[in-house]
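Notes for the one structure printed next.
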Amino acid sequence: MQTLLRFARAYGIVLVTVLLFVLLATTTEGFATLRNFRNILDQQSTVLIAASFLTIATIAGNFDVSVSAVFVATPLVALAVENATGSVPLAVLAAVLTGAAMGLFNGIIVARFRINSFIATLATSFMFFGVGYLVSGRSLLRPIGQDYPMLARTQILGLTSSTWVSFLMVIVATILLTRTRFGRNVFATGGNPEAARIAGVNVPRVQATTFVLLSTAAAIAGVLNSSRSLSAQPSDDFSFVFSVLTAVIVGGTSIAGGQGAVWRTVAGAFFLAFLSNGFNLHQIDPIWQRLIEGMVILIAVGVDAWTQRNSK
Amino acid sequence: MQTLLRFARAYGIVLVTVLLFVLLATTTEGFATLRNFRNILDQQSTVLIAASFLTIATIAGNFDVSVSAVFVATPLVALAVENATGSVPLAVLAAVLTGAAMGLFNGIIVARFRINSFIATLATSFMFFGVGYLVSGRSLLRPIGQDYPMLARTQILGLTSSTWVSFLMVIVATILLTRTRFGRNVFATGGNPEAARIAGVNVPRVQATTFVLLSTAAAIAGVLNSSRSLSAQPSDDFSFVFSVLTAVIVGGTSIAGGQGAVWRTVAGAFFLAFLSNGFNLHQIDPIWQRLIEGMVILIAVGVDAWTQRNSK
Amino acid sequence: RADDIQVAYLSASSANTWLAASAVEMQKVAAANGIKITEFDAQFDPAKQTAQMQDVIASGKYKGIVFVALTGAGAIPDVQAALDAGMQVVGLNQVIGADLTTSDPQVKGMAASAMAAPYRSGERLGKLAIKACEGIDPCSVVYIFGIKGIPLDVAMRQGFDDTITAHANISVVAEGEGKYLGPDGGIAATQDILQLNKPFQVMVGADQSIQGAAIALKDAGMAPGSVKLIGLGGSAPALAGVADGSWYGDVFGAPRDEGRLAMQAMVDALNGKMDGGIDPLTSVPDEGLITKDNVSKFTAQWNG
Amino acid sequence: MLTLSGVSKHFGGVQALIDIDIAFEAGRVHALVGENGAGKSTLGKLILGIHRPSAGKVRLDGHEVAIHQPADALGLGLVGIAQELSLMPRSSVLDNIALGREVTRHGLVDRTATLKAVTGVMERFDMRLDPHAIVGTLPVAERQKVEILRALSRDARLIIFDEPTARLATYQAKQLLTLIRSLAAAGKAVIYVSHFLEEILEVADTITILRNGRLIRTGPAAAETRETLVAGVTGQNYQSQFPKRSVPPGGSAPVLRVRDLSSKGLFEGVDLNVHAGEIVGLAGLVGAGRSEVAHAIYGAAPVDSGTIEFDGKALTRRSIRQRIDAGMAIIPESRRDQALFLARPILENVSLPHLKRFSNWLGLRKRAEKQAVTASCADTSVKYTALGDHVDTLSGGNQQKILFARAALGRPRLLIADEPTRGVDVGAKRSIYEMIVRLAEQGEAILLISSEIEEIMGLCHRVVVLSRGRVAAQLSGQDLTEQAVMQAAFSGG
Ligand SMILES: Nc1ncnc2c1ncn2[C@@H]1O[C@H](COP(=O)(O)OP(=O)(O)OP(=O)(O)O)[C@@H](O)[C@H]1O
Ligand SMILES: Nc1ncnc2c1ncn2[C@@H]1O[C@H](COP(=O)(O)OP(=O)(O)OP(=O)(O)O)[C@@H](O)[C@H]1O
Ligand SMILES: [Mg+2]
Ligand SMILES: [Mg+2]
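Shown next, in the form of structure tokens:
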């Protein structure tokens, strides 16, 4: 009992997510089916990929709004290359390199020129969205070959390749954060940058690296998304980063930096996914969905914040 | 010369804004006309009203995403009341009270339950957007009388009433922040909440008050906007808070809290307004606008950050 | 050229692929008539659009405005101001005014407006649904909104409901939201709806959502055509789907025609002729109701 | 005047105070002594409304009072300065001091009147600061003054000073003690917390000893001596505060050779040698530039000219990493701002600069890391429950020892220790001194910066005195006397 309570306190968001899961599984027809779980995993894969690495950037003390712009622009690069060369590997490579370059640009601006990361990445968002327009000629792009769609949609052991990639990325992010020197430096940088510097951490480099990793992940997510939906189109849409950031923060990673975990983000993402899946299965009117979603998020975050405070 | 340099350093963003102004005035036909300035003032009025008070909330160390939702929902309340009663004062009162209540709700959640302000106001945004859908019956609302449109559109000394209201709100916010105890407490709360508490500041109350003020201001901005456009419609649109927040941050108020000024935000808002006005007058291709806007914001913020660092 | 007539094009978003297709045709008509178009990009921000309108009016150099309004009735004062300043205004794609059932201009003095009214689009979706449900009783329909609750979607749904109401065999058994952001929304909505275990025969929604639905249905192992998919938009994938039988039908959408007609109306207006309301679909075969029988008569005007 | 009866306070499972009965009287200075973590600050925080007691009663002038929050305490005239600086770093000195006491007229803050009031307080207590300076840019000692001035500017009946001299130089501490006596003479009750037993004996009328949250005894200061206090506080007897000094090394080449080091506006022409096994003191007044010199040597701050040689090799780049790899370690002067990650485990705090040693291509070798950290913590006698505990659960003295554990883990050739005993109790101080001496005996070169003249005198083989950024004297052997050091420190005058 005592240990159960201790567990609940340390892992508030997991508890809340499990409760929601149990609630839905017992009350909602169609929820606890293999197919539904496969769908949820597939639907969440792109968010998870970006969110795992946004967790790292957030722990390092930064914000990155440009995740959306990278997510929108890089698949356009991929498809432009695919349309021109017919080569899927080249397409993916081009998108990933573009993503990495965008991340490096963010990183240099934030880490070297010390511009507040929120406003810096907002500004670079405009630029990256602009790149999306330029490469696409403002038109929707579709793959010409049969291979591109298979990037996200290949079935392996009953799950989509997109899902497997998301597992991989979650694991990579977790290992980076908890089992490497880089991860320690990330926590140090976000927790107390001056102390990190004195302890020999190259703070600007750590920060820049988190941006590069994050943009690369966002590019991979973008490519998978375009593969799944067989198309990509230019837009100015910030909604992806909203979903991603919501998962990170509902998970309980602090935007103040220095604290957080990838497993938290995974729990946060699934909490939100179960919630919206539950709404859809219950056919709740979207207008009431908004009200209920708002309240449920408040409760979940409140419980998690409360347990985090008390578990110290 | 020395003092000029000192001035430039302390007021980096003002300098940048003035430079942009001079550049546009000398190169751009139609920029330096009375009518153009009147338009810019009118266009910026709603942003200025909300941004002045978002500055206060930001200095107190909080984020408020729900500004958009309040801006969307409260004019729907106003118009629903106007349509039902025909009374404009009642309509305005209803909207402002709704705004204040929404702010109080945010304030209680953030200050009392100590939920991170970003995620809390994101969650309440969903709820407030939902309120907008419910009061409007999901349709566009229009004023039935002739008075409502005059709220924003009355011409006084050549400027619209909306412009005058924005002047008033900027002044009120400035006085609150710089010349009252409340203002001192806001800086203290954002600068070091624990220290503020020890010094006898009622931190939760200060925080809640900033939320109430901000939501009330957002409601006023929303009502003026609906008066100007003779209608209001429900939506989930976050673009208003993006514009408002961009003005605050381009102005140089730190999202870390404890630092900032309303005049900075005013300069930031006009910097952005001149920029987009200049784009429009120069007929720059929208695709390139994005790229240029991103770069110019980076430069402006970079210069301001640099001068703020060096003026210390 | 210096002596060109200047026309401002106030776009809801330069990133929108439908509007980008319209813009291409507008350019052609403009070039043929010695008109220079300047595009303004509101990036879906209504406040920005109002500011752009004021800037356009203040600059004094434009003779006309082609306007894709973001706020329906909210745009009326902006249009009024432009008319008061002596400019010609042609609406494009979106209704300017509160009545979402008609293409006719709703501000006195507006030269023309080229669009398919949302309510009409809903009716057309309804007509195709009736056709798809012929001989099926009961015929269960899934309706995918863009964003449920916004006036546009409300009007469209109203048109749909009013059309199918006389047909007792048809009922809407489930709803979803596609969010107007590519096929992703449609995929997720369809996946979730399949979990309801409510059999359905027909799905209707915007092309992008239905594209997502097709992907999700296929992934769920359902044979193409086993659910009758009806889209709205006339995009390339929709026409291809109708042609190969994986889609049942589509309500045509004509961004290029719309752009051409709008610019033509602007030329007319500058020459003193007011064209009034233009529904581009009245001039296409079968009022734009596409099924396998007539799909060969249509060519897609945009990619989706 | 103020009495606490049966007061207890626990934080979760930690009993910080157990059943305390104590009375504070007007016109008297009442000192609290005890080890780190004994509960001294907690007692003060209960009075100030920062924490609420878990049990017990508080009476003011015989009436029971409920103090729920700091504002209530302020209303009753109970003020204090906290042990950890609690200032708004981005606000001005003026705003920090005046917070909550701004002069208002018609509801608006009267800035000139407020400024006048604040400068008035500065003059009255002879602590002058630029009222418009931004607090975050001030040296720690000045910040401490801001904190003190804030307390003094309120109309107080009782003032709590929680280790106010920990951040002050000796001569400033003397001034503060005089000030405290005058406050008591003016009829105020003063609670004084300090680890400097000499100070306590000098200033206090009454002394209370706390140990592990319990009140051991309260009695008149006149009845106590240094020895009785040490015994009361630690439960042990030390012959002397300082361990036996190690033998100064003979003639080897210096580990650190600094020549003509300058940084504009901070220091100029600094020459400095430290040999293996030698403890060199860097003395001077607060603001003399000692920390800046240390930072420059450590590669954490830029220099304009001069050379730094380490083990015979010139260090040219400004890179902290390079210094750490070469075998330098630093204990910075502010453990909270410059050294610790309070919300991270002890393990990570200790190993951070040395992770390369515990990494291979597979990532961190956590077991090796844990072993090494455990050993290092044992060497430096850090007291902790588990290496996974967050550092902010440790007492101040143990937090400071974490930094020694961190430095020791790197087995450095040179250790720069900047105010290493700030805020630590007598027992911990003694063990830190032992640690320093032992490290020197093991052949490490040590550069010790301290504002406590006793520390410099008790430990160092040689002392370099800085005054206004210049070397005013190099003293060793017979020349090294307390008076000579002080004279040199003030010489830049
Ligand atoms: N906010 C807190 N949460 C949990 N434990 C606390 C808290 N504050 C103090 N403690 C614990 O209470 C005990 C007493 O701490 P306190 O700060 O009063 O000691 P102190 O005598 O002032 O020590 P020092 O000389 O190091 O300042 C310690 O064990 C400490 O770890
Ligand atoms: N952040 C800062 N900004 C501006 N000036 C500073 C800053 N920190 C220190 N100074 C100035 O640099 C000089 C040296 O300060 P420093 O703190 O190094 O002195 P110190 O001898 O180490 O004193 P101590 O460590 O005892 O406080 C002082 O004149 C001080 O005012
Ligand atoms: Mg203490
Ligand atoms: Mg120092």
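Heads up: the sequence lines are chains P, A, L and S, in that order. According to the working numbering, the residues represented by the first sequence are 1 to 312, in order. According to the working numbering, the residues represented by the second sequence are 1 to 312, in order. According to the working numbering, the residues represented by the third sequence are 1 to 304, in order. According to the working numbering, the residues represented by the fourth sequence are 1 to 493, in order. Cβ atoms here follow ideal geometry from the backbone N, Cα and C, with glycine treated the same way.
task: Please decide whether E39(L) counts as near chain A, where near means a Cβ-Cβ distance under 8 Å.
output: Here residue 39(L) refers to the residue found at position 39 when the third sequence is read from its first residue. Interface residue, yes.
- prompt: Quick one: does T17(L) have its CB under 8 Å from some CB of chain P?
  reply: The residue labelled residue 17(L) in the question sits at position 17 within the third sequence. Chain P, which has a Cβ nearer than 8 Å to the Cβ of T17(L), makes this yes.
- prompt: According to the neighbour-count rule (16 or more other Cβ atoms, all chains shown, within 10 Å of its Cβ), is A32(P) buried or exposed?
  reply: By one-based count along the first sequence, residue 32(P) stands at place 32. A32(P) should be labelled exposed.
- prompt: In whole angstroms, what separates the C-alpha of V131(P) from that of S11(L)?
  reply: As a working note, residue 131(P) is residue 131 in the first sequence. As a working note, residue 11(L) is residue 11 in the third sequence. Each residue's alpha carbon lies about 19 Å from the other.
message: At the 8 Å Cβ level, is V301(P) part of the contact set with chain A, yes or no?
response: For the purposes of this step, residue 301(P) is taken as residue 301 along the first sequence, with counting starting at 1. With 8 Å as the cut-off, V301(P) counts as an interface residue toward chain A.
- prompt: Just curious, the alpha helix (DSSP H) that T170(S) is in, first and last residue?
  reply: By one-based count along the fourth sequence, residue 170(S) stands at place 170. Counting along the chain, the alpha helix (DSSP H) containing T170(S) begins and ends at T170 to A185.
field: Cross-strand partners of D250(L) (DSSP beta bridge)
entry: Working through the third sequence from its first residue, we reach residue 250(L) at position 250. Partner(s): G231(L) and I290(L).
message: At a cut-off of 7 Å, would you count Q83(S) as near ligand 1, judging by its Cβ distance to the nearest heavy atom?
response: Numbered from its first residue, the fourth sequence carries residue 83(S) at position 83. Checking every heavy atom of ligand 1 against the Cβ of Q83(S), one is found closer than 7 Å.
field: chain P contact residues for E293(A), given Cβ-Cβ distances below 7 Å
entry: Residue numbering aside, residue 293(A) sits at position 293 when the second sequence is read from its first letter. For E293(A), the C-beta contacts it makes with chain P under 7 Å involve F126, in order along the chain.
query: Using a C-beta cutoff of 8 Å, does S187(P) count as contacting chain S?
result: In the first sequence, counting from the first residue as 1, residue 187(P) sits at position 187. Just to set this straight, residue 187(P) is Phe in the shown sequence, not Ser. Chain S contact via Cβ: present.
query: According to DSSP, is V258(S) helix, strand or coil?
result: Counted from its first residue, the fourth sequence places residue 258(S) at position 258. Three-state DSSP puts V258(S) in a strand.
- prompt: If you count every other CB in all the chains shown that lies within 10 Å of the CB of H354(S), and 16 or more means buried, which is it?
  reply: As a position in the fourth sequence, residue 354(S) is number 354, starting the count at 1. It counts as buried.
message: Whole angstroms are fine: how far does the CA of I76(L) sit from the CA of A269(L)?
response: Locating residue 269(L) in the third sequence gives position 269, counting from the first residue. Locating residue 76(L) in the third sequence gives position 76, counting from the first residue. Near 19 Å, if we compare the C-alpha coordinates of I76(L) and A269(L).
task: Kindly give me the distance between the Cβ atoms of A220(L) and L196(L), rounded to whole angstroms, as I take these residues to be in contact under 8 Å.
output: Along the third sequence, one-based indexing puts residue 220(L) at 220. Along the third sequence, one-based indexing puts residue 196(L) at 196. Actually they are not in contact, since the Cβ atoms of A220(L) and L196(L) sit about 13 Å apart, beyond 8 Å.
Three-state secondary structure assigned by DSSP to P332(S): Taking the fourth sequence and counting its residues from 1, the one referred to as residue 332(S) is at position 332. DSSP places P332(S) in coil when its eight states are reduced to three.
query: Which residues mark the beginning and the end of the alpha helix (DSSP H) in which A84(L) is found?
result: As a working mapping, residue 84(L) is identified with position 84 in the third sequence. For the sequence presented, residue 84(L) should be read as Asp rather than Ala. It spans I76 to D84 - the alpha helix (DSSP H) in which D84(L) sits, taken as one unbroken run.
- prompt: Is the segment 204–224 of chain P touching the segment 61–73 of chain P, taking contact as three or more C-beta pairs under 8 Å?
  reply: yes
- prompt: Between which two residues does the alpha helix (DSSP H) harbouring V241(A) extend?
  reply: In the second sequence, the residue the question calls residue 241(A) occupies position 241. Taken as a continuous stretch (DSSP letters only), the alpha helix (DSSP H) holding V241(A) covers S239 to G251.
- prompt: Name the chain A residues that come within less than 8 Å of T71(L), Cβ to Cβ?
  reply: Taking the first residue of the third sequence as position 1, residue 71(L) is located at position 71. Ordered by position in chain A, the residues that pass the 8 Å Cβ test against T71(L) are S229, S231 and Q233.
query: Any heavy atom of ligand 1 within a distance shorter than 7 Å of the CB on S431(S)?
result: On the fourth sequence, position 431 is the one that residue 431(S) refers to. Checking every heavy atom of ligand 1 against the Cβ of S431(S), none is found closer than 7 Å.
message: Taking the alpha carbon of M127(A) as the reference point, which residue from W288(P), V301(P) and W306(P) has its own alpha carbon closest?
response: Start at 1 with the first residue of the second sequence, and residue 127(A) comes out as number 127. Looking at the Cα atoms, W288(P) is the closest of the given residues.
Best match in I175(P), T85(P), V172(P) and T121(P) for proximity to P143(P) [C-alpha to C-alpha]: By one-based count along the first sequence, residue 143(P) stands at place 143. Comparing Cα positions, the closest option is T85(P).
Residues bridged to E177(L) [DSSP beta-bridge criterion]: Here the question's residue 177(L) lines up with position 177 in the third sequence. E177(L) is bridged to F145(L).
query: Under 9 Å Cβ-Cβ, which residues of chain S neighbour Q146(P)?
result: Numbered from 1 along the first sequence, position 146 holds the residue referred to as residue 146(P). Near Q146(P) there are no residues of chain S at all, since even the closest Cβ is about 38 Å away, more than 9 Å.
query: Helix, strand or coil for K108(L) per DSSP?
result: Taking the first residue of the third sequence as position 1, residue 108(L) is located at position 108. Here K108(L) sits in coil by DSSP.
message: Looking at ligand 3, does it come within less than 7 Å of K40(S), judged from the CB to the closest heavy atom?
response: Looking up residue 40(S) in the fourth sequence gives position 40. Checking the Cβ of K40(S) against ligand 3 gives yes.
Simplified DSSP assignment, three categories, for V133(L): As a position in the third sequence, residue 133(L) is number 133, starting the count at 1. Note that residue 133(L) is Cys in the sequence shown, not Val. Residue state, collapsed to three classes: helix.
Residue-chain proximity (N280(A), chain L), Cβ-Cβ < 8 Å: Taking the first residue of the second sequence as 1, we reach residue 280(A) at position 280. Taking 8 Å as the CB threshold, N280(A) lines the interface with chain L.
field: S86(S) beta carbon near ligand 5 (any heavy atom closer than 7 Å)
entry: Although ligand 5 was asked about, the structure shown includes only ligand 1, ligand 2, ligand 3 and ligand 4 as ligands.
message: Does the CB of T163(P) have a neighbour CB from chain L at under 8 Å?
response: Here the question's residue 163(P) lines up with position 163 in the first sequence. It does not: the Cβ of T163(P) has no partner Cβ on chain L nearer than 8 Å.
field: At least 3 beta-carbon pairs within less than 8 Å: the segment 268–286 of chain L vs the segment 114–130 of chain L
entry: yes
- prompt: Is it the case that the CB of D162(S) approaches a heavy atom of ligand 3 more closely than 7 Å?
  reply: If you number the fourth sequence from 1, residue 162(S) lands on position 162. Under cutoff, so the answer is yes.
- prompt: A16(S) to K40(S), Cα distance in whole Å?
  reply: By one-based count along the fourth sequence, residue 16(S) stands at place 16. By one-based count along the fourth sequence, residue 40(S) stands at place 40. If you take the alpha carbons of A16(S) and K40(S), they lie about 9 Å apart.
task: Using beta-carbon positions only, say whether W247(L) and A223(L) come within less than 8 Å of one another.
output: What you label residue 247(L) is simply residue 247 of the third sequence in a count that begins at 1. What you label residue 223(L) is simply residue 223 of the third sequence in a count that begins at 1. It is not a contact, given that the beta carbons lie outside the stated cut-off.
message: To the nearest angstrom, how far is the alpha carbon of T137(S) from that of I279(S)?
response: Here residue 137(S) refers to the residue found at position 137 of the fourth sequence. Here residue 279(S) refers to the residue found at position 279 of the fourth sequence. Rounded to the nearest angstrom, the two C-alpha atoms are 31 Å apart.
message: When you compare the CB of V146(S) with every CB in chain A, is at least one pair closer than 8 Å?
response: One-based indexing of the fourth sequence puts residue 146(S) at position 146. No, no contact with chain A.
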